[in-house]
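Below you'll find the structure, written out as structure tokens, and then a few comments.
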Amino acid sequence: MDRMFDPVPYQVPTVGANAVTGEKIQPGRMPFFGPRLRARGVISRNACHKPGTGEDDDRGSADTPKPPLQGPGGASP
0 MDRMFDPVPY QVPTVGANAV TGEKIQPGRM PFFGPRLRAR GVISRNACHK PGTGEDDDRG
60 SADTPKPPLQ GPGGASP
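Take the sequence shown: its position 35, counting from 1, is numbered 34 in numbering that gives the first Met the number 0, and each next residue is one higher.
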């Protein structure tokens, strides 16, 4: 079976004169690793969506209860 996607490279390739620098990386890290997801500011997105698992939370979701779908004003679709 042919792969649809290639593996993500370990290092981002440089395109032209647009080199990857720490200064450019830091703003992208802040929303992911910063503890601002919860109101108390004690958990980050990284706590569940781990880079080592392909941003997956590494838990199954088949048995996880799901809220009903709601439209505008809480109306059912």
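Ideal placement from N, C-alpha and C gives every residue a C-beta, glycine not left out.
Measure the C-alpha to C-alpha separation of residue i and residue j and round it to an integer number of angstroms.
i: P8; j: I24; result: 16 Å
i: R28; j: S43; result: 11 Å
i: A16; j: P26; result: 20 Å
i: T13; j: V19; result: 7 Å
i: F32; j: Q10; result: 19 Å
i: E22; j: P50; result: 20 Å
Considering only residues of the same chain and omitting the five flanking positions on each side of residue i, which have a CB-CB separation below 7 Å?
i: V41; result: P34
Using a Cβ-Cβ cutoff of less than 8 Å, which residues in the same chain neighbour residue i once the five nearest sequence positions on both sides are dropped?
i: M30; result: The question names Met, but residue 30 in the sequence shown is Pro. Only R44 meet the Cβ criterion.
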